[in-house]
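Those protein sequence lines, which keep their order, are chains A and B.
In case it helps, the working numbering puts the first sequence at residues 236 to 634.
In case it helps, the working numbering puts the second sequence at residues 10 to 404.
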Amino acid sequence: MAHRKKNRNVGIIGIGQTKYSSHREDVNQPEMIHEAVRAALDDAGLSLEDIDCVVHGNMELFEMINQPDLWHVIGTGAYGKSEFRVTTGGTVGATIACVSDNLVASGMYDIVMAIGFEKLQEGHTTGGITNMADPLWFRNLQTGALTGSTAYNVIREFGEERAKRASLMYRIIMDKHAGLNLNAHRSFGLEFEQIDDLIKNSPKLVGDLKLIEMCSQSDGACAVIFACEKKAKESLKKPVWIRDHITVHREETFTIFGYDEKYPITHTHSLAAKRLYERNNITKPLEYFDVFEMYDPASWWGLDWLRDFFLLEGDEHLKLVENKEIMIGGKMPINPSGGVIGSNPIGATALVRVAEAALQVRGDAGKHQIPTPVNHALASGFGGTMWTVLLMLEKELNW
Amino acid sequence: MSEYFGVKVEDIFNTMQERFRPEGAQGVDASFGYDITGEGKWKLTVKYEKMVLEKTDDLSGCAVVTITDGETFVGVNIGKVDGTSAFSSGKFKVEGDLGALGKTAKMFRKYTPPKKEMSVRDYLLDMFGTVETRFRPASAEGINVVFGFDLGGEYGGQWSVVIKDKTCKVLEKIEGKPTAKLEFVDAKDYVDLSLGKIDAQSLLAAARAAVAGDINLVMKWAEFFEKYVDPMASGEKEQELLVLKKTISVNQRYATGPVMGKFLHALINKKIMGTKCPQCGRIQLPAREVCSECRVRSDEWVEVGPKGQVRYMDYVYYSSPDPLTGETRETPYGMISIRLDGCTGNQTFAHLIRRDQVDRVQSGWNEMSGTRVRPVWNEKRTGSIFDIEYFEIDE
Numbered sequence: 236m237a238h239r240k241k242n243r244n245v246g247i248i249g250i251g252q253t254k255y256s257s258h259r260e261d262v263n264q265p266e267m268i269h270e271a272v273r274a275a276l277d278d279a280g281l282s283l284e285d286i287d288c289v290v291h292g293n294m295e296l297f298e299m300i301n302q303p304d305l306w307h308v309i310g311t312g313a314y315g316k317s318e319f320r321v322t323t324g325g326t327v328g329a330t331i332a333c334v335s336d337n338l339v340a341s342g343m344y345d346i347v348m349a350i351g352f353e354k355l356q357e358g359h360t361t362g363g364i365t366n367m368a369d370p371l372w373f374r375n376l377q378t379g380a381l382t383g384s385t386a387y388n389v390i391r392e393f394g395e396e397r398a399k400r401a402s403l404m405y406r407i408i409m410d411k412h413a414g415l416n417l418n419a420h421r422s423f424g425l426e427f428e429q430i431d432d433l434i435k436n437s438p439k440l441v442g443d444l445k446l447i448e449m450c451s452q453s454d455g456a457c458a459v460i461f462a463c464e465k466k467a468k469e470s471l472k473k474p475v476w477i478r479d480h481i482t483v484h485r486e487e488t489f490t491i492f493g494y495d496e497k498y499p500i501t502h503t504h505s506l507a508a509k510r511l512y513e514r515n516n517i518t519k520p521l522e523y524f525d526v527f528e529m530y531d532p533a534s535w536w537g538l539d540w541l542r543d544f545f546l547l548e549g550d551e552h553l554k555l556v557e558n559k560e561i562m563i564g565g566k567m568p569i570n571p572s573g574g575v576i577g578s579n580p581i582g583a584t585a586l587v588r589v590a591e592a593a594l595q596v597r598g599d600a601g602k603h604q605i606p607t608p609v610n611h612a613l614a615s616g617f618g619g620t621m622w623t624v625l626l627m628l629e630k631e632l633n634w
Numbered sequence: 010m011s012e013y014f015g016v017k018v019e020d021i022f023n024t025m026q027e028r029f030r031p032e033g034a035q036g037v038d039a040s041f042g043y044d045i046t047g048e049g050k051w052k053l054t055v056k057y058e059k060m061v062l063e064k065t066d067d068l069s070g071c072a073v074v075t076i077t078d079g080e081t082f083v084g085v086n087i088g089k090v091d092g093t094s095a096f097s098s099g100k101f102k103v104e105g106d107l108g109a110l111g112k113t114a115k116m117f118r119k120y121t122p123p124k125k126e127m128s129v130r131d132y133l134l135d136m137f138g139t140v141e142t143r144f145r146p147a148s149a150e151g152i153n154v155v156f157g158f159d160l161g162g163e164y165g166g167q168w169s170v171v172i173k174d175k176t177c178k179v180l181e182k183i184e185g186k187p188t189a190k191l192e193f194v195d196a197k198d199y200v201d202l203s204l205g206k207i208d209a210q211s212l213l214a215a216a217r218a219a220v221a222g223d224i225n226l227v228m229k230w231a232e233f234f235e236k237y238v239d240p241m242a243s244g245e246k247e248q249e250l251l252v253l254k255k256t257i258s259v260n261q262r263y264a265t266g267p268v269m270g271k272f273l274h275a276l277i278n279k280k281i282m283g284t285k286c287p288q289c290g291r292i293q294l295p296a297r298e299v300c301s302e303c304r305v306r307s308d309e310w311v312e313v314g315p316k317g318q319v320r321y322m323d324y325v326y327y328s329s330p331d332p333l334t335g336e337t338r339e340t341p342y343g344m345i346s347i348r349l350d351g352c353t354g355n356q357t358f359a360h361l362i363r364r365d366q367v368d369r370v371q372s373g374w375n376e377m378s379g380t381r382v383r384p385v386w387n388e389k390r391t392g393s394i395f396d397i398e399y400f401e402i403d404e
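See the structure below:
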C-alpha cells in the first residue's frame with residue numbers, strides 16, 4: 236500500500252464536547268453544534284476568525300437533512316470559509332479527523348476544525364442504517380446494526396459461560412468508566428456481582444446479544460481543532476500530535492465473519508492495525524500504547540476486537556478483560572470515557588474517541604483520567620459492514 | 010391569614026429581602042407603603058441599594074401608598090391578576106407618586122410560590138386518577154384491550170386500564186391476563202418514565218422494567234391517551250420549546266443493471282445464479298459485477314443450490330420497525346446465511362428461515378454441516394428477493 240510521510244506535523248490544539256443525552260429537545264441542531272464549537276474554541280483560546288477551514292460530518296439519513304452544513308453554518312461559524320462535508324457511516328467522526336489532519340499536513344490550511352454531530356432522537360437510526368444496504372437485495376432483509384454473530388463466535392471459541400461472563404465484565408467496566416465521565420449519559424451504576432443476573436435477565440436482542448450489551452442512541456456534538464506544527468506550538472494548551480492514521484474499507488456484502496477456518500475472511504481491524512504498526516515500527520502494540528479509545532458498538536465486539544487491534548493470540552484478549560486490565564489503572568485502559576456503550580451520537584462518536592484519547596494524552600480527562608502517564612494513544616472508528624479507521628496520537632514529537 | 014391562589018400576603022412580604030435586587034435599586038431613596046385591606050400595613054424603605062421592611066400602621070413619609078385587597082395584591086404579584094385592569098377597575102389604588110411605584114418592579118425578582126413535593130405514591134394516584142380523563146375515544150375505534158401495570162417497590166401497586174367500546178376504565182388491581190403487562194421493579198421508575206426523566210430503553214436494558222404480552226400495544230399508549238402533565242411543573246415555560254413532527258415517504262426506483270438483472274430474472278425461473286471470480290474463484294450471491302477483492306470482472310455465471318446448509322443464523326428477538334414498510338416483523342425470526350450446494354467456504358447467501366422452524370436450525374462450522382434447507386418459491390415471481398418466500402428445513 237502506498238503511503239507517504241506527512242508533509243508537516245499536525246497537532247490537536249482544541250477539544251470541545253457537548254454533554255451527551257438520549258434527547259436534547261432544549262436545543263436545535265446548530266445550537267447543539269455550537270456548544271461543542273464554543274467549547275473547542277475556548278479550550279484552544281481561539282476565536283472563529285482563527286479557523287481556516289471546517290470539516291463537517293454526520294449521516295444525512297439519520298435526521299433526513301440533506302446538506303445539513305447549510306442550516307448548521309449558524310452554529311459552525313463556517314460562513315465565508317472553506318468547508319468540507321464528509322459521510323462515511325459510523326467511522327465519519329474518525330474520517331473527519333483524518334481529513335482534517337490531511338488538510339493541515341498538506342499545507343493547504345494551518346488551522347482546521349472538525350465537527351461531528353448527531354441528533355439521533357430527531358430521526359430513525361435503524362432506517363438510516365438499513366438504507367445503507369444494497370436496495371436491490373439486502374435492504375429487504377436487514378434491520379439496523381444488530382447481529383448476534385460475534386457473540387456466537389466468541390461463545391463457540393471459548394465456551395458459553397466464559398464468553399458470556401467476559402462480555403458482561405467488559406460491559407460493567409464500561410459502565411463504571413461512563414460513571415466517571417460527566418459527558419456520558421448511560422451509566423447504570425452496575426456492579427460485577429450483577430453479571431449472572433444480567434446474563435439471565437437482560438432482554439435478548441439477537442442471538443446472545445442482549446440489550447444491556449448494546450450501545451445507546453444519543454444526541455450530541457464534538458469539535459476538535461487541528462493545527463500545523465508552528466501554530467500548534469504557539470497554542471494555549473500543549474498540542475497532542477497525530478502521528479499517523481489508516482483507513483481500511485470493505486464491500487457492502489454482509490459475509491463478514493466467516494464460518495470456516497480454511498477460508499479466512501479479511502478482518503479490517505487487524506489488517507489496519509498490522510499495516511499501521513508495521514509502517515511505524517511498532518512491534519508490541521500492547522506495550523507501546525498507554526490507552527485505547529475504541530469504537531465499541533456492543534460489549535461482544537469490544538471484547539472480540541481487542542484481539543484484532545492489539546494483534547493478540549488465543550485468549551489473551553479475554554484475559555485482559557477478566558483480569559480487569561482494561562479498567563482505568565489497568566495495563567491497557569480501554570475507553571476511560573465509557574466508550575460507545577455509554578454515549579453514541581453516531582456522527583460524533585468516532586471523533587469523540589480521538590478527542591478523549593487526546594484528553595488522556597494532555598492529562599485533562601478529569602475524573603476519568605488514567606493515573607499513569609499517557610505518551611501514546613490509539614483511537615478507532617468503525618462503520619458500515621465492518622470497516623476501520625485507526626489513529627495514533629503522541630505526546631511528544633519524537634518518533 | 011387567608012391564602013389567595015395558594016399564597017399568603019405575608020409570603021410576598023417575607024420574601025422581599027431575598028428577592029431584592031440592589032442593581033434595580035440604584036439611585037432610589039424613598040419609602041413605599043402598602044395598605045392591604047384586612048391584612049395590615051407595611052412600609053418599605055429603600056436607600057443606598059439596601060432595603061428595610063417594617064409592619065407598621067404609620068405610613069407617613071411614604072412617596073406612594075398602595076391600597077388594595079389581599080387577593081388582588083397576591084394575584085398581581087404572582088401574575089394571576091392583570092395589574093392594569095385591577096388599577097383601572099379601582100381594586101388597586103395608588104396614593105402619591107405613581108412613577109415611584111413603577112420603580113419597585115425593578116427592585117424585586119418575581120415571587121414564585123415554593124413547590125410542594127409530590128411523593129411517588131402521590132404521582133401514581135394522580136397518573137392513574139387522570140387516565141380516564143386523558144383518554145381519546147376517537148383513537149380507540151374497535152380496540153378492546155387491557156393494559157396491566159405491576160409496579161413494585163415500597164409505593165407500588167397494581168392497576169389495569171381497560172379500553173372497550175371506545176370507553177376507558179381504571180381498576181386498582183390486575184385481573185386475569187392483560188393484553189399487555191408492564192412490570193417495573195420500582196414504581197419510581199414508572200413515574201420518572203411518565204415524567205420524561207428516563208427513557209424506556211435504559212430501563213429495559215437494565216432489566217428494571219419488562220413487558221409481557223403485546224409490546225406493539227404498549228407503543229400505542231400515546232395514541233390512546235393525552236400526555237400526563239406534571240402538576241408540579243411550572244405553568245409558565247421559560248423558553249418556547251416545540252418539537253415539529255415530519256414524515257417523509259418517497260417512492261424510489263433503482264435500476265438493476267444487467268448483472269443483477271440477470272440474477273433476478275433467474276429467480277423467476279426458480280434458478281439461483283452466482284458470478285464467479287476468474288482470479289480467486291469466489292462465487293458471489295447475489296451476483297456481483299466485479300470481485301472487489303481482486304478488482305476484476307466476475308463474468309462467469311454458475312448455477313448453485315437451490316438447496317444448501319445453514320452456516321449461521323441470527324436469531325432475532327427484537328425487531329425494530331422496518332423502515333421500508335413501517336411494519337414490525339413478527340418475532341422471533343431467523344435470518345440465515347446459507348451455503349448453497351456448489352459453493353465453498355464463506356460463499357453464503359442471506360435469506361429468512363420459515364418462522365416456525367427457527368428453534369430447530371443448527372449452524373455449521375468448518376467440516377460440520379449446518380441444518381439442510383431448501384427454498385420455498387413464491388407462486389407469483391416478479392424478480393425480487395421475495396421470489397423465494399423463505400427457506401425451510403429440507404427433510
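Even for Gly, the Cβ is constructed at its ideal location relative to N, Cα and C.
Note that the coordinates shown come from a computational prediction; the quantities given were computed from them, not determined experimentally.
Exposed or buried, which one is residue i when buried takes at least 16 other CB atoms within 10 Å?
i	result
Trp168 (chain B)	buried
Met409 (chain A)	buried
Ile257 (chain B)	exposed
Asp543 (chain A)	buried
Lys186 (chain B)	exposed
Phe14 (chain B)	exposed
Please classify residue i: does DSSP put it in a helix, a strand, or coil?
i	result
Phe22 (chain B)	helix
Cys457 (chain A)	strand
Gly328 (chain A)	helix
Lys473 (chain A)	coil
Ala507 (chain A)	helix
His484 (chain A)	coil
Met228 (chain B)	helix
Trp386 (chain B)	strand
Cys300 (chain B)	strand
Ser6 (chain B)	In the structure as shown, chain B begins at 10 and stops at 404. Residue 6 (chain B) is therefore absent and cannot be evaluated.
Thr620 (chain A)	coil
Tyr512 (chain A)	helix
Ser317 (chain A)	strand
Gly424 (chain A)	coil
For residue i, which residues of its own chain have a beta-carbon under 7 Å away from its beta-carbon, when the five flanking residues on both sides are left out?
i	result
Tyr512 (chain A)	Pro520
Val129 (chain B)	Tyr164, Ala196, Lys197, Val200
Ala398 (chain A)	Val389, Ile390
His360 (chain B)	Ile345, Ile347, Ile397, Tyr399, Phe400
If contacts are defined as beta-carbon pairs under 8 Å, then residue i and residue j qualify, I think. What distance do you get, rounded to the angstrom?
i	j	result
Val385 (chain B)	Glu398 (chain B)	5 Å
Val268 (chain B)	Gln288 (chain B)	Not quite, the Cβ-Cβ distance comes to about 17 Å (not below 8 Å), so this is no contact.
Gly249 (chain A)	Ala279 (chain A)	3 Å
Glu560 (chain A)	Ala614 (chain A)	So it is not a contact: roughly 19 Å between Cβ atoms.
Gly358 (chain A)	Met299 (chain A)	6 Å
Pro568 (chain A)	Val596 (chain A)	In fact, because the Cβ distance is near 13 Å, the residues do not count as touching under 8 Å.
Pro315 (chain B)	Trp372 (chain A)	With 8 Å as the limit, Pro315 (chain B) and Trp372 (chain A) do not qualify as a contact, their Cβ atoms being about 16 Å apart.
Asp308 (chain B)	Val441 (chain A)	That belief does not hold up - the Cβ atoms of Asp308 (chain B) and Val441 (chain A) are roughly 36 Å apart, past 8 Å.
Just to confirm my understanding: we take residue i, look at its own chain, exclude 5 residues before and 5 after, and list those with CB closer than 6 Å. What are they?
i	result
Cys214 (chain A)	With chain A represented from 236 up to 634, any question about residue 214 (chain A) goes unanswered, as that position is not in the structure.
Ala275 (chain B)	Met282
Glu312 (chain B)	Lys280, Met282
Phe158 (chain B)	Trp168, Leu191
Tell me which same chain residues have a C-beta within less than 8 Å of the C-beta of residue i, skipping the five on either side of it?
i	result
Asp287 (chain A)	Lys316, Ser317, Tyr344, Asp345, Ile346, Val347
Gln371 (chain B)	Val319, Gly379, Thr380
Val556 (chain A)	Ala401, Met404, Tyr405, Ile408, Leu538, Leu541
Trp415 (chain B)	There is simply no residue 415 (chain B) to check, as chain B begins at 10 and stops at 404 in what is shown.
Where are the alpha helix (DSSP H) runs, 4 residues long or more, that stay fully inside the segment 365 to 405 of chain A, in chain order? 384 to 393
Residue ranges of each beta strand (DSSP E) run of no fewer than 3 residues wholly in the segment 120 to 207 of chain B, ordered along the chain? 154 to 160, 166 to 173, 176 to 180, 189 to 193
Any chance you could list the alpha helix (DSSP H) runs of at least 4 consecutive residues sitting entirely within the segment 256 to 304 of chain A, in chain order? Annotation: the segment 256 to 304 of chain A contains the following complete segments of the alpha helix (DSSP H) (minimum length 4 residues), in chain order: 264 to 279, 295 to 298.
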